[in-house]
Every structure is written in structure tokens, then in C-alpha cells.
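Protein chains in written order, with my numbering: chain A, -2 to 104; chain B, 7 to 121.
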Amino acid sequence: GQQLNQSPQSMFIQEGEDVSMNCTSSSIFNTWLWYKQEPGEGPVLLIALYKAGELTSNGRLTAQFGITRKDSFLNISASIPSDVGIYFCAQTDKLIFGTGTRLQVFP
Amino acid sequence: DSGVTQTPKHLITATGQRVTLRCSPRSGDLSVYWYQQSLDQGLQFLIQYYNGEERAKGNILERFSAQQFPDLHSELNLSSLELGDSALYFCASSPTGGTGDTEAFFGQGTRLTVV
């Protein structure tokens, strides 16, 4: 079946650092979604991307829809402790989720 | 608040039992998705309903079933429960049903513990 692979699996960074993560697939998609999940909570939608090459920002978050339509990238600038959580990419046909990137931020 | 409501928030039950989890989608959303998340694992897609009809099926066990009612709320039924069924179960809803251009919003989840 379809699979979305995220890397890295986990990241341990210092407050203030920038973060980059990506999501790749063997299939072409029309939409990419990025979600954040905090412990014990449901995932919350961060950014939605609808067009190949599109670059979209939401505060300190920036996401890009890869030009091949098989990948997407999420960057977080100047990380803060509340950025801690698991970041998932997802595609909207069946809403399959990626494997997740667990982010830990140390003050 | 996402607008998606799941009940109950917590459920503890014994092996072999049957439980029903409930989800009320956001107002106006026609599609409901169910996911299972075991400890420290990703979100496993179980099943999707759109306007009362099953639209897509993921890795859902035969012991599990779901339905979406005319008022668009959905229920996930888990039977013959095993210890390994202990997990967080999430429901999400979206307006159009995932045909390519949609965003989904999640409830707070139901934490099921099978003892």
C-alpha cells in the first residue's frame, strides 16, 4: 500500500535552532498536509499545500510541496520548547499519515 | 477546539468485551475517518465514511466495524477485545471526503485500555 516515509525519525535540538524534516512517497500526490501532535492530544493541522513547488508559511513554520509531487519539507525556525511533539505529514487520499518525526527541544 | 467531539475520553474494559466509540464531526463535514495509535506509534488508518457510505478501508481488523449515521455521527465498534487493542483511537472529519483537496480535523481521541 501507500507509504509516507519521514526523516529524521527523531530530533533533539537546542532552543533557538532551526529544524528541517521531510516526507517522501513512492506515489504522486495532489495535496500535502502537515500536522503536529502533542502528547495525549489529537493531531492539529499546521499547513496544507495544494500545488507542486508551493511554499507556504505559518508563523515560524514553512512547508514546501516538492516539485516532483512525491515529497514535502517542513522547516521550523528559531525553535522554542512548545514546538515539542510529533510532526506528521499526510496525504489526502485516504488521509494516510507518515511515520512521524519526534521533536524534542531543550532550553 | 477542532469542532470534532469524541466520547468517551477514557475507557477501561476486560479482554473479550465489546465497546463502542463515538465521534461527532465538525458541523457541515460529510467525511469521518478512524485511526488507531498504539503507544509511541504512528497513526494507523482504519476506515473512512462519507455521507453514510464506507469510502475507504485501511488495516481494520474483522473484529472491528464502523458506521456513519444519517446525522453524520459515526461509531467504531470493537469486539472480542485483546490486550493489544489498547490504544488511542482518533476520529477526524473533513468537508469533502478526501478526493484530493481537503483538510481534516481531529478529535481529542478515546484512550482504550484493555485489561
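By construction, the Cβ of each residue, glycine as well, lies at the ideal position given by its N, Cα and C atoms.
Those residues which DSSP pairs with residue i across a bridge
i             : result
residue 63/B  : 53/B
residue 98/B  : 39/B, 112/B
residue 62/A  : 69/A
residue 117/B : 16/B, 94/B
residue 54/A  : 59/A
residue 8/B   : Per DSSP, none; premise fails for residue 8/B.
Span of the beta strand (DSSP E), counted from its first residue to its last, around residue i
i            : result
residue 45/A : 41 to 46
residue 5/B  : It is not possible to answer for residue 5/B, since the shown part of chain B is limited to 7 through 121.
residue 16/B : 16 to 19
residue 10/A : 7 to 11
residue 98/A : 98 to 103
residue 4/A  : 1 to 4
Residue i versus residue j: straight-line alpha-carbon distance, rounded
i             : j             : result
residue 16/A  : residue 95/A  : 18 Å
residue 10/A  : residue 70/A  : 18 Å
residue 44/A  : residue 68/A  : 15 Å
residue 33/A  : residue 25/A  : 23 Å
residue 17/B  : residue 40/B  : 17 Å
residue 20/B  : residue 70/B  : 16 Å
residue 5/A   : residue 7/B   : 29 Å
residue 26/B  : residue 60/B  : 18 Å
residue 116/B : residue 43/B  : 10 Å
residue 104/A : residue 98/A  : 19 Å
residue 14/B  : residue 110/B : 21 Å
Residue i in three-state terms, based on DSSP
i            : result
residue 68/A : strand
residue 82/A : strand
residue 27/B : strand
residue 92/A : coil
residue 89/B : helix
residue 27/A : coil
residue 87/A : strand
residue 70/B : strand
residue 81/B : strand
residue 17/A : strand
residue 22/A : strand
Any non-hydrogen atom of the ligand GDP within 8 Å of residue i CB
i            : result
residue 68/A : The ligand content of the structure shown is nil, which means the ligand GDP is not present either.
Q: Taking 8 Å as the threshold, find out whether the segment 27 to 46 of chain A comes into contact with the segment 29 to 38 of chain B through three or more Cβ pairs.
A: Result no; under three Cβ-Cβ pairs closer than 8 Å.
**Q.** Cβ contact (3+ pairs, closer than 8 Å) linking the segment 49 to 59 of chain B and the segment 67 to 86 of chain B
**A.** yes
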